[in-house]
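Residue numbering for the first sequence follows the working numbering, starting at 22 and increasing by one per position. Glycine residues also receive a C-beta, built at the ideal position from the N, C-alpha and C atoms.
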Amino acid sequence: MNDMLKTSFSKEVYDLFNQPADVVAPKLLGQHLLRRFPDGQVGRFLISEVEAYVGQEDKACHAHRGKTPRNVVMFGPAGFWYVYLIYGMYWMLNLVTSPKDDPHAVLFRGLKFVSWEQTSVDVDRVSSSNAGSVSQKALKNLDGPGKLTRALMINKDLNGQLASPVSGLWLEIDLNKPAPSFEKLPRVGIDYADKWKDKLLRFRLL
DNA sequence: GCAATGATACAG
DNA sequence: TGTATCATTGCT
């Protein structure tokens with residue numbers, strides 16, 4: 022673990038991220054994703070659905086055909102965001118997992134809004150202005166990988182950034198939280214992936 | 001069922 | 001340099 026990563030994650034969380042994506046993905050369910058919006062407000066979101074992309078042998082994984090300018094961050098160390106544009110319109114958010122040169126990632130497919138973080142600086146403004154410039158309505162519709170990135174204002178600027186508060190998008194992992202019940206399903210939109218399309222690498226809270 | 005919309009990967 | 005494809009969404 023290099024110095025930057027050391028200061029960004031606890032050993033326990035970094036050890037989690039260093040595992041294969043199919044191990045990490047279900048453990049992210051029920052945990053929290055936090056987003057600092059341009060107006061400074063911080064939203065808290067519960068992770069409700071994810072998919073695992075498990076390295077170069079996985080035909081559905083972007084890293085399947087080797088390193089390219091788009092997927093290079095997946096070949097780096099765990100704990101970074103992999104963000105890319107799909108269908109010319111939608112940004113997909115992934116967390117890179119597993120060690121360097123083993124390109125795994127977890128795709129975020131669904132979130133639920135939990136709350137606004139109340140800081141001493143903005144508590145007056147939040148209580149008086151209905152949570153600033155971020156649309157409350159937009160934050161109710163987070164069921165879909167393209168919808169959640171739109172609502173959280175996630176785009177290519179986050180690609181390759183560290184999943185820590187310095188990037189404005191980070192995870193809050195409580196390893197003592199009891200494991201929630203979830204179902205395993207096939208991944209979506211990868212019909213081209215032969216036998217890999219049927220593998221149960223999508224995980225959704227029940 | 002299918003159009004939108006543009007970056008990407010790969011063929012030639 | 002051309003073009004088929006795409007880890008999606010929303011409208012008909």
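Consult DSSP for residue i and reduce its assignment to one of helix, strand or coil.
i           : result
residue 121 : coil
residue 7   : In this structure the chain extends from 22 to 227, so residue 7 is not present and cannot be described.
residue 131 : strand
residue 195 : coil
residue 221 : coil
residue 178 : helix
residue 212 : coil
residue 169 : helix
residue 183 : strand
residue 149 : For residue 149, the pLDDT reaches just 48, beneath the cut-off of 50, and the residue's location in the model is therefore unreliable, leaving the point undetermined.
Give the DSSP bridge partners of residue i, in chain order.
i           : result
residue 78  : BP columns for residue 78 are empty, so no partner.
residue 113 : 105
residue 73  : 127
residue 203 : 226
residue 190 : 56
Rounded to whole angstroms, how far is the Cβ of residue i from the Cβ of residue j, which I believe are closer than 8 Å?
i           : j           : result
residue 72  : residue 171 : That pair is no contact at about 18 Å.
residue 63  : residue 194 : No, residue 63 and residue 194 are not in contact; Cβ-Cβ is about 16 Å, not under 8 Å.
residue 190 : residue 102 : 7 Å
Any 3 or more C-beta pairs closer than 8 Å across the stretch 120-138 and the stretch 62-73: yes
Three CB pairs or more closer than 8 Å across the stretch 207-219 and the stretch 32-41: no
Meets three-Cβ-pair contact criterion under 8 Å: the stretch 42-52 and the stretch 174-185: no
Three-pair Cβ contact test at 8 Å for the stretch 78-91 versus the stretch 167-177: no
Complete runs of the beta strand (DSSP E) confined to the stretch 27-70 [at least 3 residues]: 53-57
Inter-stretch contact at 8 Å, needing at least 3 Cβ pairs: the stretch 198-206 / the stretch 113-126: no
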